[in-house]
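Report on one structure; see the data block that follows.
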Amino acid sequence: MTRWLKRLAPVTAALVMLAISGQAWAAPACRNTGSFERWLEDFKREAAAEGISRQAIAAALDGVTFDPSVIKRDRGQGVFQQSFLQFAGRMTGDGRYQNGLKQLKNNAALFARIEKETGVPPPVVAALWGLESDYGAYKGANFSIIRAVATLAYDCRRSAFFRQQLKDAVRIIERGDLRPDQMIGNWAGELGPTQFTPSDYYKNGVDFDGDGRVDMTRSVPDALASAANLLKGFGWQPGQPWLQEVRVPTNLPWHEAGLEVQHPRSQWVKWGVAAAHGKPLLADNLPASLVLPMGRNGPAFLAYPNFKAYTEWNAAIVYATTAAYFATRLAGAPKVSPGNGPVQVPTTQNVQELQRLLIAHRLLTGDVDGRMGAMTRAAVKKAQLKVGLPADSYPTPELMQRLRGGR
Ligand code: CA
1415 MTRWLKRLAP VTAALVMLAI SGQAWAAPAC RNTGSFERWL EDFKREAAAE GISRQAIAAA
1475 LDGVTFDPSV IKRDRGQGVF QQSFLQFAGR MTGDGRYQNG LKQLKNNAAL FARIEKETGV
1535 PPPVVAALWG LESDYGAYKG ANFSIIRAVA TLAYDCRRSA FFRQQLKDAV RIIERGDLRP
1595 DQMIGNWAGE LGPTQFTPSD YYKNGVDFDG DGRVDMTRSV PDALASAANL LKGFGWQPGQ
1655 PWLQEVRVPT NLPWHEAGLE VQHPRSQWVK WGVAAAHGKP LLADNLPASL VLPMGRNGPA
1715 FLAYPNFKAY TEWNAAIVYA TTAAYFATRL AGAPKVSPGN GPVQVPTTQN VQELQRLLIA
1775 HRLLTGDVDG RMGAMTRAAV KKAQLKVGLP ADSYPTPELM QRLRGGR
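Heads up: the sequence shown begins at 1415 in our numbering, then just goes up one per residue.
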């Protein structure tokens, strides 16, 4: 999965189980050749040539062995389709919501200081903390980060990405932040209550409790300030909204929906989009995209420029929308409306068939992976426009029927 792209892996343990942000991997087309030991010696030389101290390299990597269980996890990520409402319902239930409010209250001074330094408001940070680790309560992942990342760097599937991660993991040790034995976390290399990859940790980690070390595994101030710092690096603008639930009219030009389309908020007002609650929608120039995670009959949101920080954090749209929505909840918004429904949620098999049909119609290129990613959504929109259905990028049984018909 694709925290991909920027951050890599499944985010929380729950997500590891769901593999919703994981990529669905068939057997890789690549093969590992050569021994792990020889590979590791080469890697050590390369790290030293890049200026990492021999002492840190030895402390981190001497005696490290290949971990087959990591590869098993990597290959074993299945695809499990969950709709936004299912996922948000599961990840942002009453217990986690109430606990979030409590954490905001108990850590008010810390959150205020983080907002002052980064511009990222407390509910945004608290929501990610809640989703990634249940506010630090989840301690299940028990992998040696160095061993896991070394295994994935040796492995052929994503070696370039994990080579960089491994170098940065060694740099974390070199900088004196953590000892190798303190680097315990996810099989894909993420650690701490905000689930940072080693590269994000090294480059964006903040020592916020002032003890001279970035310790995201044991210091809540370090972990939360680092999360806010990462969002700031993704372009977070202070004082701007990130996501807002809206009501949409039935006659909207549906092809205008999707993160790839932006209009000034005034244009959405002109088309009849209204705030779902609270004050009327401002008819100003703030750019906004209409997000319909379950199509035109499901929940509807306007996503503002700050939403990009969420898709950088995790490219899976269901995760990004859930995290942003949960932050609005902790900031005072009511529960999301399910929309006009009912929405038929496609199964993995449905999505696989859909992808095969889209490929046959030359509307999609690439692999059949059973995931409703950005490419598949874009292809669905093209197909809807082609056959004259409302182009909201969400597949329906009717669209499938039309695609199965004439090619
Ligand atoms: Ca610290």
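Ideal placement from N, C-alpha and C gives every residue a C-beta, glycine not left out. These figures come from a predicted structure and were not determined experimentally.
Any heavy atom of ligand 1 closer than 7 Å to the beta-carbon of residue i?
| i | result |
| --- | --- |
| Arg1627 | yes |
| Ser1680 | no |
| Ser1633 | yes |
| Asp1636 | yes |
| Asp1621 | yes |
Taking residue i as the reference, which of the options has the closest Cα?
| i | options | result |
| --- | --- | --- |
| Tyr1724 | Asp1476, Leu1644, Lys1749 and His1669 | Leu1644 |
| Asp1698 | Gly1590, Gln1681 and Ile1466 | Gln1681 |
| Phe1525 | Ala1540, Gln1512 and Asn1513 | Ala1540 |
| Gly1805 | Ser1558, Phe1557 and Asn1665 | Here residue 1805 turns out to be Ala, not Gly, going by the sequence shown. Nearest option by C-alpha distance: Asn1665. |
| Tyr1808 | Thr1742, Ala1730, Pro1707 and Met1505 | Pro1707 |
| Lys1693 | Asp1614, Ala1702, Asp1591 and Gln1658 | Gln1658 |
| Ile1559 | Phe1721, Ala1639, Gly1802 and Val1478 | Val1478 |
| Lys1581 | Glu1726, Ala1461 and Pro1482 | Ala1461 |
| Gly1672 | Lys1684, Gly1709, Gly1686 and Val1687 | Gly1709 |
| His1669 | Phe1450, Lys1796 and Lys1530 | Lys1796 |
| Glu1464 | Thr1779, Thr1631, Val1584 and Arg1679 | Val1584 |
| Ala1689 | Trp1727, Ala1738, Arg1776 and Pro1748 | Pro1748 |
| Ala1788 | Tyr1615, Pro1594, Gly1590 and Val1765 | Val1765 |
| Leu1695 | Gly1712, Leu1716 and Val1705 | Leu1716 |
| Arg1632 | Val1563, Asp1614 and Tyr1552 | Tyr1552 |
| Arg1561 | Ile1586, Val1534, Ala1602 and Arg1571 | Ala1602 |
| Asp1569 | Phe1450, Ile1587 and Trp1727 | Phe1450 |
| Pro1752 | Gly1448, Ile1587, Gly1599 and Phe1498 | Phe1498 |
| Pro1655 | Leu1545, Arg1679 and Val1563 | Arg1679 |
The alpha helix (DSSP H) spanning residue i covers which residue range?
| i | result |
| --- | --- |
| Phe1498 | Phe1498 to Met1505 |
| Leu1771 | Thr1762 to Ala1774 |
| Ala1797 | Ala1788 to Val1801 |
| Gly1814 | Residue 1814 is actually Met in this sequence, not Gly. Segment Pro1811 to Arg1818, the alpha helix (DSSP H) holding Met1814. |
| Gly1490 | Pro1482 to Gly1490 |
| Gln1578 | Ser1573 to Glu1588 |
| Lys1749 | Note, Lys1749: premise wrong, no alpha helix (DSSP H); not H, not E. |
| Thr1664 | Per DSSP, Thr1664 belongs to no alpha helix (DSSP H) and is neither H nor E. |
| Ala1551 | Segment: none, Ala1551 is in no alpha helix (DSSP H) and carries neither H nor E. |
Helix, strand or coil: which one does DSSP assign to residue i?
| i | result |
| --- | --- |
| Phe1610 | strand |
| Ile1598 | strand |
| Leu1744 | helix |
| Glu1604 | coil |
| Phe1557 | strand |
| Ile1671 | First, the amino acid is wrong: residue 1671 is Ala here, not Ile. Here Ala1671 sits in coil by DSSP. |
| Pro1678 | strand |
| Ala1541 | helix |
| Val1425 | A caution first: Val1425 carries a pLDDT of 37, below 50, which makes its placement in the model unreliable, though a value can still be read off. Note: Val1425 maps to coil in three-state DSSP. |
| Ala1730 | coil |
| Ala1689 | strand |
| Ile1466 | coil |
| Gly1626 | coil |
| Asp1806 | coil |
| Phe1648 | coil |
| Thr1725 | helix |
| Ile1434 | The predicted model places Ile1434 with a pLDDT of 36, which falls under 50 and marks its position as unreliable; any figure quoted below should be read in that light. Three-state DSSP puts Ile1434 in coil, outside helix and strand. |
| Ser1449 | coil |
| Leu1778 | coil |
| Tyr1511 | helix |
| Gln1495 | coil |
| Gln1517 | helix |
| Leu1524 | helix |
| Pro1635 | helix |
| Ile1456 | It should be pointed out that residue 1456 corresponds to Asp in this sequence rather than to Ile. Note: Asp1456 maps to helix in three-state DSSP. |
| Val1683 | helix |
| Val1563 | helix |
| Asn1643 | helix |
| Thr1736 | helix |
| Thr1532 | helix |
| Asn1711 | coil |
| Ala1697 | coil |
Since residue i is in the beta strand (DSSP E), which residue starts that stretch and which ends it?
| i | result |
| --- | --- |
| Val1660 | Leu1657 to Arg1661 |
| Leu1716 | Phe1715 to Ala1717 |
| Ala1702 | Pro1701 to Val1705 |
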